[in-house]
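First the structure, in the form of structure tokens, and then the observations on it.
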Amino acid sequence: MPMKINVGDIVELKKQHPCGGKSFEVMRAGMDFRLRCQTCGAQVWLTRPNLEKRVRRLMPVGPAVSEADKK
Numbered sequence: 590m591p592m593k594i595n596v597g598d599i600v601e602l603k604k605q606h607p608c609g610g611k612s613f614e615v616m617r618a619g620m621d622f623r624l625r626c627q628t629c630g631a632q633v634w635l636t637r638p639n640l641e642k643r644v645r646r647l648m649p650v651g652p653a654v655s656e657a658d659k660k
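In the numbering used here, the protein residues as written are 590 to 660.
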């Protein structure tokens with residue numbers, strides 16, 4: 590079953606980008622993913638199987654819910 594990766598999520602990959610960064614923002618999701626390096630801003634295209642093998646951690650970015658909103 591494919592991972593649930595959405596636009597706006599931050600993924601940490603196993604290998605570093607040449608600039609030294611490991612965290613990337615998902616800019617496009619589907620069969621191919623467009624990622625932007627959080628350190629240098631470079632964009633990288635990866636296929637879904639290739640990305641799923643490389644992901645170490647997924648940090649979903651959802652709408653922030655405060656205590657006041659819950660009431």
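Virtual Cβ for every residue (Gly too), placed ideally from N, Cα, C.
No experiment lies behind these values; they were computed from the predicted model shown.
Practice problem: Taking K666 as the reference, give the member of G619, P649, K604 with the closest Cα. | Solution: Past the boundaries of the shown model lies residue 666; the chain is included only from 590 to 660, so the question cannot be answered.
Quiz item: What do you reckon, are the CB atoms on V615 and G597 nearer than 8 Å?
Solution: yes
Exercise. Leaving out five residues on either side along the sequence, give the residues of the same chain with a beta carbon under 6 Å from the beta carbon of M648.
Key: I599
Quiz item: Considering D621, what are the terminal residues of the beta strand (DSSP E) in which it resides?
Solution: 621–626
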